[in-house]
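*Asks:* Chains as they are written, first to last, in our numbering: chain Z, 761 to 1240; chain F, 761 to 1240.
Note that beta-carbon positions come from the ideal geometry of N, C-alpha and C, so glycine has one too.
After the structure tokens below, expect a handful of questions from me.
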């Protein structure tokens, strides 16, 4: 990936920076937090992804000479501001959840501490890296749940926002639990398995389907997945595939036979195709199904006895499907004023309309059964979660919700990953992140992993944060 | 944009290429066509976009040494095939509709003629460039229709598939009719207007909303759009904005006042805010509305008397909204066999299941009223459309549909844009493409531009193509 220009931002971030400089706020430090308020539809959790790209972007952020020339041409910025951009290197600190971790609404997933202009400048870059990859990793983890132990291949490059969009999408899809991808560039860059079958145009470029199968078997006998739906799946495709498998077997072939169904009902067709393959002596054939799949289609097909054992998922994975955006936000949480950190949050007359106050760190509590129980938001400077029992307060009623006993394992979900603009965390391999994500998902209670009506996981407040929120609301209500 | 690696493809394209080489098909020429079968939901047309990026990609397509090393490591390709990739330069011919042209289901939008391996190799690259940009340009043109003569700003970078995905999205949004973008890099690269307002964090970084407005007015008095919904839109935001406008006016200010509403009902709030601004002597203030907008929300708000005159559209534009993928396909249409072109199409027992046969060129007929009337698909070698009356045949019944009189203007929608891998068309400026698209949309009959239940535009077959389809079906039905 090439280093990004500083212009990869919304213009208002640049005008805000200019405003901060002119208002004497250029050295004032601030903390911004990234979080989301709503999970993707029917999802009980999100799988965090996109951090690695973001950290590279932040490390490499520069305004080139032509960028500065362009900004000058807009007539909005004076010489001092242009110099500021020209000299800009991101020097902030970043705390983050690790990629692959399940995260939940209303809890900070990333916190950025930097000078007010620098923290502001990176808003859109951060959002565009994290929103999309988290959306796709979440979708992929749901597809993984639906597919159970079957193989899942990511096939979505053709629906991406250009080739680089596809790179982000494939990366996130693997993190969420796909086993492999058709995106060859992603295979190279991320060291993940690449897979492919056949195109309808291959089949059609030969005089007959049988000719096309034989020609393919001649070239790739060991990786033989034949696309059987070009003409007539059950009357032509599957019988021709079986014929070729038999011819190969007679010649001593030891490769693994496979077919791909790219249209039709994934349960009905796979059951019939399986029966034909089994009757012909190929009960172990791979049956790959693709075309308009998502977690719902896969779980429905499996419930109806589908014999598919490999699923190729493309469009609805790469786009997020029916809910194509994670609307994560990046909000000012605290600001430094003469050595003191002031909480910045929206205050109104009710807990619903009032934000959770201050720079907050989620602490995740795990019960004796190994399932995660509750995330409690503590003030970043409060270490009282480290031992003892902890009372969690409801974010809205501000009443005690439950007591988390001293025996519960607890750890903050965020750790520092960047200091003074330098990466201080290890760069993880995509397949290792995937392994972490798969392990983490098993820690979510099964009813919270349900694909249709998941139970809600609890994100709560510490006593101190709840009290701060209550007192802010009371003050607001006493205003004239 | 950096040149793309040849690995930006689905693996099966590489294995198909290997197969074609081994099957002696590497010099056989083929024509592939790009088309789609389904318009975005509720849309009567699509606006074609993405060609310019695609042509650059094709011109620059290369496999680097590390790409070849990676392919070798997969163990799938022999030395001859690796050499083929290593020497590969795209040398095909491309015909295409111009960007910005309205296009319709089942008609070729792009045709590629190249050696079978080369034509196959570029499938995914072509699809990922054209599907997404056409999706967004179409959505933008619908937003443009809904917004009528109001300004439309594209705000979607934060929901893009990474920064480069945002570049494609912004480009297409402008082509479809947006006036400006917040994406500063896109502003620079595509020479389109960039715009911005304020962030909530700007407002919150000051002791009070009024302080924040004054500070901003101090820096950018000429571009003063104040974000009024941070605390309480009608009781705090709008009154504070008016106060600042009055202070400025007392000091002789001649800038244009403006406010931005980023939450709440875009009709109700804009009407009330307008009344307050008008009562205070600012009836001409810009009223910018943003947050979860699309063509439906905008047209509904305008129907309810909204006083907004600028619309900031982000998420649902950048993602395509509820229908987030154009599922365009790239299909083999014809193949050369010893100097003769053979049509390649799926034949079945009914016109619904049978493709339109051969390498086809849509000819667009325009009536005396200036509206486009019908696109008729002619065999690429058939020039009979050039004069006289033309009978259009229904794609499914294969019966005559209408006679297009000799007075109707007619022209093919596709023109050659690449020859032997070299671009032969002028590279158009994005704003010029936008102008072309806006003009073209006026040629679509108003009932076909309806945002909810558009009438369908007709794509028909020439007599010759209809006869060829009928005869193929008849032959199929006579098969034993």
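Does any C-beta atom of chain Z lie closer than 8 Å to the C-beta of residue 790(F)?
*Replies:* Yes, contact with chain Z.
*Asks:* Using a Cβ-Cβ distance under 8 Å, would residue 1084(Z) count as near chain F?
*Replies:* Residue 1084(Z) counts as touching chain F.
*Asks:* Do you know whose CA, among 1014(Z), 943(Z), 961(Z), lies nearest residue 988(Z)'s CA?
*Replies:* It is 961(Z).
*Asks:* By DSSP's criteria, residue 1183(Z) is part of a beta bridge. Which residues make up the other side?
*Replies:* The partner list for residue 1183(Z) (beta bridge, DSSP) reads 1178(Z).
*Asks:* Under the assumption that residue 903(F) contacts residue 896(F) (Cβ atoms under 8 Å), give the Cβ distance between them as a whole number of angstroms.
*Replies:* With 8 Å as the limit, residue 903(F) and residue 896(F) do not qualify as a contact, their Cβ atoms being about 10 Å apart.
*Asks:* The beta strand (DSSP E) with residue 1152(Z) in it runs from where to where?
*Replies:* Residue 1152(Z) -> beta strand (DSSP E) spans 1150-1153.
*Asks:* From the DSSP output, in three-state form, read off residue 1160(F) for me.
*Replies:* Residue 1160(F) falls in the strand class under three-state DSSP.
*Asks:* Assuming the contact rule is C-beta atoms closer than 8 Å, residue 1082(Z) and residue 1225(Z) should be a hit. Round their C-beta distance to whole Å, please.
*Replies:* With 8 Å as the limit, residue 1082(Z) and residue 1225(Z) do not qualify as a contact, their Cβ atoms being about 35 Å apart.
*Asks:* Thinking C-beta only, is residue 907(F) closer than 8 Å to residue 1058(F)?
*Replies:* Yes, the pair counts as a contact, with Cβ atoms nearer than the cut-off.
*Asks:* Is it buried or exposed for residue 978(Z), if we count other Cβ within 10 angstroms and need 16 for buried?
*Replies:* By the 10 Å Cβ count, residue 978(Z) comes out exposed.
*Asks:* Leaving out the 5 sequence neighbours to the left and right, which residues in its chain are closer than 6 Å to residue 1101(Z) when beta-carbon positions are compared?
*Replies:* For residue 1101(Z), where only same-chain residues beyond five positions count, the Cβ hits under 6 Å are 1094.
*Asks:* Going by the beta-carbon positions, is the gap between residue 1065(Z) and residue 1031(Z) smaller than 8 Å?
*Replies:* In contact: residue 1065(Z) and residue 1031(Z) (Cβ atoms closer than 8 Å).
*Asks:* With a threshold of 7 Å on Cβ separation, who are the neighbours of residue 920(Z) within its own chain once the five nearest residues in sequence on each side are excluded?
*Replies:* Cβ neighbours of residue 920(Z) beyond the five flanking positions: 926, 929, 1078.
*Asks:* Does residue 934(F) get closer than 8 Å to chain Z when you measure Cβ to Cβ?
*Replies:* Cβ-Cβ to chain Z under 8 Å: no for residue 934(F).
*Asks:* Inspect the CB distances between the stretch 1230-1240 of chain F and the stretch 965-975 of chain F and report whether three or more fall short of 8 Å.
*Replies:* Judged by Cβ distances under 8 Å, the stretch 1230-1240 of chain F makes no contact with the stretch 965-975 of chain F, as fewer than three pairs qualify.
*Asks:* Would residue 890(Z) and residue 765(Z) be called neighbours here (beta carbons separated by less than 8 Å)?
*Replies:* No, these two residues do not count as a Cβ contact at 8 Å.
*Asks:* For residue 962(F), go through chain Z and note every residue whose CB falls closer than 7 Å to its CB, in chain order.
*Replies:* The contacting residues are 776, 779.
*Asks:* Using a Cβ-Cβ cut-off of 8 Å (strictly less than) and excluding sequence neighbours within five positions of residue 1147(F), which residues of its own chain qualify?
*Replies:* Result list for residue 1147(F): 1166, in chain order.
*Asks:* Go ahead and pull the three-state DSSP assignment for residue 998(Z).
*Replies:* In this structure, residue 998(Z) counts as helix in the three-state DSSP scheme.
*Asks:* Look up residue 765(F) in the DSSP assignment and say whether it is helix, strand or coil.
*Replies:* It is a strand residue.
*Asks:* Nearest by alpha-carbon distance to residue 807(F): which of 1195(F), 1027(F), 915(F), 1221(F) is it?
*Replies:* Checking every option, the nearest Cα to that of residue 807(F) belongs to 1195(F).
*Asks:* I want to see whether chain Z comes within less than 8 Å of residue 888(F), judged by CB atoms only; does it?
*Replies:* Yes, because at least one Cβ of chain Z sits closer than 8 Å to the Cβ of residue 888(F).
*Asks:* Identify, in the order they occur along the chain, each residue of the same chain with its Cβ nearer than 7 Å to the Cβ of residue 1013(F), setting aside the five sequence neighbours on each side.
*Replies:* Counting only Cβ-Cβ distances below 7 Å, and skipping sequence neighbours, we find 981.
*Asks:* Classify residue 909(F) as helix, strand or coil using the three-state DSSP reduction.
*Replies:* Residue 909(F): coil per DSSP, three-state reduction.
*Asks:* What do you get for residue 1186(Z), buried or exposed, if any count of 16 or more other CB atoms within 10 angstroms of its CB means buried?
*Replies:* Classification of residue 1186(Z): exposed, given that the 10 Å Cβ count is below 16.
*Asks:* Can you name the start and end residues of the alpha helix (DSSP H) that residue 924(F) belongs to?
*Replies:* Note, residue 924(F): alpha helix (DSSP H), 923-936.
*Asks:* When we look at the beta-carbon of residue 829(Z) and count the other beta-carbons within 10 Å, is it buried (16 or more) or exposed?
*Replies:* Label assigned to residue 829(Z): exposed.
*Asks:* Could you check what DSSP says for residue 1125(Z) in three-state terms: helix, strand or coil?
*Replies:* Residue state, collapsed to three classes: strand.
*Asks:* Establish whether the CB of residue 1117(F) and some CB of chain Z are separated by less than 8 Å.
*Replies:* For residue 1117(F), the answer is no, since every Cβ of chain Z falls outside 8 Å of its Cβ.
*Asks:* Note down, in chain order, every chain Z residue with its Cβ under 7 Å from the Cβ of residue 876(F).
*Replies:* Residues of chain Z passing the Cβ test: 965.
*Asks:* How close, in whole Å, do the beta carbons of residue 944(F) and residue 934(F) come, if the pair is a contact with beta carbons under 8 Å?
*Replies:* About 14 Å; that fails the 8 Å criterion.
*Asks:* On the CB-based measure, 16 or more other CB atoms within 10 Å of its CB, does residue 1104(F) come out buried or exposed?
*Replies:* Buried, since its Cβ has 16 or more Cβ neighbours within 10 Å.
*Asks:* Between the stretch 1172-1185 of chain Z and the stretch 808-825 of chain Z, do at least 3 Cβ pairs fall closer than 8 Å?
*Replies:* Verdict: yes, contact present.
*Asks:* Are there 16 or more other CB atoms within 10 angstroms of the CB of residue 1144(Z), so buried, or fewer, so exposed?
*Replies:* It is exposed - the Cβ of residue 1144(Z) has fewer than 16 other Cβ atoms within 10 Å.
*Asks:* Determine the direct distance from the alpha carbon of residue 849(F) to that of residue 879(F), and round the result to whole angstroms.
*Replies:* Roughly 12 Å between the two C-alpha positions.
*Asks:* For residue 1216(F), which of helix, strand or coil comes out of DSSP?
*Replies:* If DSSP states are grouped into helix, strand and coil, residue 1216(F) belongs with coil.
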